[in-house]
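Using mature numbering (1 follows the signal peptide of the UniProt record, and there is no 0), the letters of the sequence shown correspond one by one to residues -20 to -1, 1 to 183.
Comments concern the structure below.
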Amino acid sequence: MKFSTAVAICAFFFASTASAERSSTDIYDPQVKYSGLEDLDSVERQHGTIGIGFSNTVAEKDELKPGLNLSARYFAGERWYVTGELGFSSFFDFTLDKGLVLEEREQVVLTTAGVGYALLQGTASTFGEHTFPWLMAVEVAMGSQETGDTRGRYTALGLSWQLNTTNYWYSFGTRQYRVDDQRLKALGANEGIQWNMSFGIYY
């Protein structure tokens, strides 16, 4: 019994020594796991919006004047954006005793550029099922308005409420405007209020 016990102890000792030698020669080779951060560069980014809208203009001595506008926005920061607009509308018959006349359907072409700044930002919800980011922004615009054969400098200050969905963008705005056009000034139609509704997509 003593001999067999001694043999067993020796065998266990040599096995333990061999195992220790094998473990000491193992190479630590960790695997690099894929994080997916490289794919962030391929995520689609929204640089701005392009849209089409319907507008209404009312001057001090003029009737309500509907129009069509094309607009574009470029996101210049978290709250800032740059705007550009091209608008079309027309006057109705407009005559004064002084002999100044705006002919019926005289075309008005408006081109402006400006900036907007988001004063408020939030999220709208439909009964808790869908949420849509929105913002309230102040906008300043300057440009040129051509009315028939005359032209004047256009300036405006207004507010815009914008609703953003996954694929589309909606805007409702109003602004106070002024046109430096002597003919319109004589007719009392060179300043007033405009409001518009626009719909667009991201680019």
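The C-beta atom is built at its ideal place from N, Cα and C for all residues, glycine as well.
Problem set entry | Beta-bridge partners of Ala52, as assigned by DSSP | On the sequence shown, residue 52 is found 72 positions in, with the first residue counted as 1. The partner list for Ala52 (beta bridge, DSSP) reads Ile30 and Gly64.
Exercise. What separation, rounded to the nearest whole angstrom, lies between the Cα atoms of Ala(-1) and Gln26?
Worked result: For the purposes of this step, residue -1 is taken as the residue at position 20 of the sequence shown. For the purposes of this step, residue 26 is taken as the residue at position 46 of the sequence shown. Summary for Ala(-1): the model assigns pLDDT 49, below 50, so the residue's position carries little reliability; its value from the coordinates is reported in the next sentence. Going by the C-alpha atoms only, they are around 60 Å apart.
Exercise. What residue from Gly47, Thr29, Glu43 and Asp42 has the CA that sits closest to Ser35's CA?
Worked result: Here residue 35 refers to the residue found at position 55 of the sequence shown. Closest by alpha carbon: Gly47.
For this session: Pick out whichever of Leu44, Gln142 and Asn170 has its Cα sitting closest to the Cα of Phe179.
Result: Along the sequence shown, read from residue 1 onward, the residue named residue 179 stands at position 199. Checked all of Leu44, Gln142 and Asn170; the closest Cα to Phe179 is Gln142.
For this session: Go ahead and label Val159 buried or exposed: buried means 16 or more other beta carbons lie within 10 angstroms of its beta carbon, across all protein chains shown.
Result: For the purposes of this step, residue 159 is taken as the residue at position 179 of the sequence shown. Flag for Val159 reads buried.
For this session: Measure how close the beta-carbons of Arg53 and Thr63 come, nearest whole angstrom, since I'm counting them as under 8 Å.
Result: In the sequence shown, the residue the question calls residue 53 occupies position 73. In the sequence shown, the residue the question calls residue 63 occupies position 83. Correct: roughly 5 Å between the Cβ atoms.
Exercise. Is DSSP giving Asn36 helix, strand or coil here?
Worked result: Taking the sequence shown and counting its residues from 1, one reaches residue 36 at position 56. It is a strand residue.
Exercise. For Trp149, does the count of other Cβ atoms within 10 angstroms reach 16, so buried, or fall short, so exposed?
Worked result: Against the sequence shown, residue 149 aligns to sequence position 169. Trp149 is buried by the Cβ-count criterion.
For this session: May I ask which residues mark the beginning and end of the beta strand (DSSP E) holding Leu115?
Result: Residue 115 sits at position 135 when you count from the first residue of the sequence shown. That run of the beta strand (DSSP E) goes His110 to Thr127.
For this session: Note down, in chain order, each residue of its chain lying with its Cβ closer than 6 Å to the Cβ of Trp114, except the 5 sequence neighbours on either side.
Result: The residue labelled residue 114 in the question sits at position 134 within the sequence shown. Hits under 6 Å: Gly102, Ala104 and Leu143.
Exercise. What is the DSSP secondary structure of Leu44, counted as helix, strand or coil?
Worked result: Indexing the sequence shown from 1 puts residue 44 at position 64. Leu44 falls in the coil class under three-state DSSP.
Problem set entry | Sub-7 Å separation of Thr111 and Asp161 beta-carbons | Locating residue 111 in the sequence shown gives position 131, where the first residue counts as 1. Locating residue 161 in the sequence shown gives position 181, where the first residue counts as 1. Taking 7 Å as the Cβ cut-off, Thr111 and Asp161 do not qualify as a contacting pair.
For this session: Classify Arg59 as buried or exposed, calling it buried when 16 or more other Cβ atoms lie within 10 Å of its own Cβ.
Result: Translated into positions along the sequence shown, residue 59 becomes position 79. Arg59 is exposed by the Cβ-count criterion.
Exercise. Relative to the alpha-carbon of Gly138, which residue among Gln11, Ile7, Ile32 and Gly96 has its alpha-carbon at the smallest distance?
Worked result: Against the sequence shown, residue 138 aligns to sequence position 158. The shortest Cα separation from Gly138 among Gln11, Ile7, Ile32 and Gly96 belongs to Gly96.
Exercise. Among Thr29, Ile7, Val12 and Gly57, which has the Cα closest to the Cα of Thr146?
Worked result: Locating residue 146 in the sequence shown gives position 166, counting from the first residue. Nearest to Thr146 by alpha-carbon distance, out of Thr29, Ile7, Val12 and Gly57, is Thr29.
Exercise. Anyone know if the C-beta pair for Arg44 and Gly67 falls short of 7 Å?
Worked result: Against the sequence shown, residue 44 aligns to sequence position 64. Against the sequence shown, residue 67 aligns to sequence position 87. Strictly speaking, residue 44 in this sequence is Leu, with Arg absent from that position. Against a cut-off of 7 Å, the Cβ pair of Gly67 and Leu44 comes out as no contact.
For this session: State the Cα-Cα distance for the pair Gly123 and Gly108, rounded to the nearest angstrom.
Result: Taking the sequence shown and counting its residues from 1, one reaches residue 123 at position 143. Taking the sequence shown and counting its residues from 1, one reaches residue 108 at position 128. Cα to Cα, the separation comes out at about 42 Å.
Exercise. So which of Tyr134, Phe71, Phe55 and Ala166 has the shortest CA-CA distance to Ala117?
Worked result: For the purposes of this step, residue 117 is taken as the residue at position 137 of the sequence shown. Selected option, being the one with the closest Cα: Phe55.
Problem set entry | Sequence-distant residues of its chain with Cβ nearer than 6 Å to Gly128 (five each side left out) | Translated into the one-based positions of the sequence shown, residue 128 becomes position 148. If we look at Gly128 and ignore the five residues flanking it on each side, its Cβ neighbours are Glu86.
For this session: Taking all protein chains shown into account, decide if Val12 is buried (16 or more other Cβ within 10 angstroms of its Cβ) or exposed.
Result: Residue 12 sits at position 32 when you count from the first residue of the sequence shown. It is exposed - the Cβ of Val12 has fewer than 16 other Cβ atoms within 10 Å.
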